[in-house]
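Comments concern the structure below.
Protein chains: 2
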Amino acid sequence: MLQGEKENINTWITRINTDSKAAISVDCVVFGYDETGLKILLIDCDMPPHEGKMSIVGDLVRSDENLDQAATRILEQRTGLANLYMEQVKAFSEPKRHPLGRVITLAYYSLIKIKDYIIVDKEHKQPKWINIEDIGDLAFDHNEIVSTCLESLQKKVREHPIGFSLLPKKFSLMQLQNLYETVLGIELDKRNFRRKLNSLKLLIDLGENQKEVSHRPAKLYSFDFEKYDSKRKKGKLNFEL
Amino acid sequence: MLQGEKENINTWITRINTDSKAAISVDCVVFGYDETGLKILLIDCDMPPHEGKMSIVGDLVRSDENLDQAATRILEQRTGLANLYMEQVKAFSEPKRHPLGRVITLAYYSLIKIKDYIIVDKEHKQPKWINIEDIGDLAFDHNEIVSTCLESLQKKVREHPIGFSLLPKKFSLMQLQNLYETVLGIELDKRNFRRKLNSLKLLIDLGENQKEVSHRPAKLYSFDFEKYDSKRKKGKLNFEL
DNA sequence: TCAAAAGTGTTCAGCGTACACCCATGC
DNA sequence: GCATGGGTGTACGCTGAACACTTTTGA
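For the protein sequence lines, the chains are U and F, in the order given.
Per this note's numbering, residue 209 is the first one in the first sequence, and the count goes up by one each step.
Per this note's numbering, residue 209 is the first one in the second sequence, and the count goes up by one each step.
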């Protein structure tokens, strides 16, 4: 359209259907936690010129779904993963980012406990959990997407209690601390960490202990999601680690 | 594509060019500040069924530009505004959000000092600064976009010194405090605010005073962007208001 | 001399940080 | 009895929050 030209409903419809159409995809960085580290789910990429590399899980969005729905559907279709917490992060839109044409992608991340889910290889693309330290050169701009999503995850984990879903319902304080150290990639002081958690008053002491461990058994706790929600509604809550 | 069907390069190209194409737009919430308040730039909407409402400034993305470039171009073309700080916030993607077809939009915001820019009405859509309190019912899902962008702006202003561009180069501490109170929509304590700014050591005392004011003249300061950058690079900086 | 905004200090409570030893259990 | 990880307390410094009066200028 020329600058200053008056638009009408026909020019709009034309433009919507021609000039500016782009393929839209979502790409999802699935972070997985187990007690050995933080990993992400990668699959084989067989699209030229990136054959042989690995990529994160993504696909094109359909015309009858919004992006959140697309992300959920695609992850389920390609890996069997369902009912995940997902968070939209950012659009990646360089015109030449995709070899087969203009594809704008919306990056999402998800965070799960590896043991709770079974990955189904529905497409013979060998989905694998790769430790966050060991990710090599990925297809497309997926390295950039992964690092953007990791930053976003770390910020979120510091500010919201999304980490608790990564632990068993009953967990010890050491498990919790290890979780934060792993996801944030930092070390924390044991005593200070405990005092902090204690001051939040959001853990329920279950009065139970670990069993059959060859050392002093740890006390077990669970997270009080109800109390968290009600405190948050009432306005004042510093969840900040 | 059926689940489990093996993809190849032809199915990909087909899908990229047919099923999943959507029109992509950017919509930009331009926040403008002057000493009377925080405003946003709205234009008349003449697209059915939203004729008569106002809307934020947006348009379709072209195939040869990325989203940041599109946002810059569109704002310049429609309002004459150029060289703005812009920040991508989120995609809005409900399939029926746009009356003329599938349009996924990426929301951006920008923040400027009203006096520094001249708005050019290139399309006879009467661009206007509307106080943030007085925004009525906007076209499309633009009310939702505006409130999402406002939250995002407020978070950014608290954590980064983007507010200083809204003031004259030489400003008083009261002007600075008013700015934060206006943008964040809260009240601040004068003495605590001053102590905080003082402790950051990022203001340069110019040794000058206001003139021709009918009360005690305020001292004037400027913000030390260089020092801010170097402190930030060296790692340790708590800019947090 | 008055109106209007500028400027200034202290106290208190809470929070992050640094740091080292004893405890309970299984083998 | 020893190896292993669990569990605990104190002191210090920084920061945010609350709060009221004096100063300087122009009209």
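All residues carry an ideal CB built from backbone N, CA and C; glycine is no exception.
If you're wondering where the values come from, they're calculated on a predicted model, not measured in any experiment.
- Those residues of the region 283-303 of chain U placed with their C-beta closer than 7 Å to a C-beta in chain F are GLN285, GLN296, LYS298, ALA299, SER301, GLU302 and PRO303, ordered along the chain.
- Per the coordinates, the alpha-carbon of F/LYS298 lies some 8 Å from the alpha-carbon of F/THR356.
- Residue environment analysis places F/ARG403 among the exposed positions, since fewer than 16 neighbouring C-beta atoms fall within 10 angstroms of its C-beta.
- In the DSSP assignment, U/LYS336 falls within the beta strand (DSSP E) that extends over 336-339.
- Of all residues in the region 254-274 of chain F, those with a C-beta nearer than 9 Å to a C-beta of chain U are ASP254, MET255, PRO256, ASP267, LEU268, VAL269, ARG270, SER271, ASP272, GLU273 and ASN274, reading in chain order.
- A distance below 7 Å between beta-carbons, with the five flanking residues on each side excluded, links U/GLU367 to the following residues of its chain, in chain order: PHE447 and GLU448.
- For the beta strand (DSSP E) assignment, the uninterrupted runs of no fewer than 3 residues enclosed by the region 303-371 of chain F are, from N- to C-terminal side, 311-321 and 336-339.
- By the Cβ neighbour-count rule, F/GLU420 is exposed, with fewer than 16 other Cβ atoms within 10 Å of its own.
- DSSP lists no bridge partner for U/ALA426.
- Interface annotation, U/ILE412: not in contact with chain F, CB-CB separation never under 7 Å.
- As a beta-bridge residue in DSSP terms, F/ALA299 pairs with F/LEU314.
- Assigned with DSSP and collapsed to three states, U/LYS398 falls in helix.
- F/TYR293 carries a coil assignment under DSSP once its states are collapsed to helix, strand and coil.
- Annotation for U/SER263: LEU250, ILE251, CYS253, LEU346, ALA347, PHE348 and HIS350 place their beta carbon closer than 7 Å to its own, counting only its chain and skipping 5 residues before and after.
- At a cut-off of 7 Å, the C-beta of U/LEU392 has no neighbouring C-beta in chain F.
- By alpha-carbon distance to F/GLN418, the top candidate from F/SER380, F/VAL391, F/ARG399 and F/LEU392 is F/SER380.
- Within the DSSP secondary-structure output, F/CYS236 pairs in a beta bridge with F/VAL265 and F/TYR316.
- By the CB criterion at 7 Å, F/GLY371 and F/LEU396 fall outside the cutoff.
- Straight-line measurement puts the Cα of U/LYS321 at about 12 Å from the Cα of U/VAL391.
- In the structure shown, the three-state DSSP call for F/ASP252 is strand.
- Of all residues in the region 360-392 of chain F, none places a beta-carbon less than 9 Å from a beta-carbon of chain U.
- When DSSP reads this structure, U/PHE433 sits in no beta bridge, so it has no partner.
- By the 16-neighbour rule on beta-carbons within 10 angstroms, F/LYS247 is buried.
- Distance from the CA of U/THR287 to the CA of U/ARG281, rounded to the nearest whole angstrom, comes to 10 Å.
- For the region 335-358 of chain U, no residue has a beta-carbon sitting nearer than 8 Å to a beta-carbon of chain F.
- Neighbours of U/ILE251 in chain F, taken as residues whose beta carbon is under 8 Å from its own, are absent, since the nearest beta carbon is some 12 Å off.
- Counting the other CB atoms within 10 Å of its CB gives F/SER301 a total of 16 or more, which places it among the buried residues.
- Counting C-beta pairs with one atom in each stretch, the region 290-297 of chain U and the region 326-341 of chain U have fewer than three that are closer than 8 Å, which means they do not touch.
- Taking 7 Å as the CB threshold, U/LEU449 stays off the interface with chain F.
- Residue pairing of F/TYR388 in beta bridges, as defined by DSSP: absent, with no partner found.
- Listed by position along chain U, the residues whose Cβ is nearer than 7 Å to that of F/ARG310 are SER271.
- Fewer than three Cβ pairs drawn from the region 258-272 of chain F and the region 263-273 of chain U lie within less than 8 Å of each other, which leaves the two stretches out of contact.
- In the three-state reduction of the DSSP assignment, F/ASP276 falls in the helix class.
- F/LEU410 places its beta carbon less than 7 Å from that of F/TYR436.
- The three-state secondary structure of U/GLU259, taken from DSSP, is coil.
- Linking U/GLY240 to U/LEU374 through their CA atoms gives a straight-line distance of about 8 Å.
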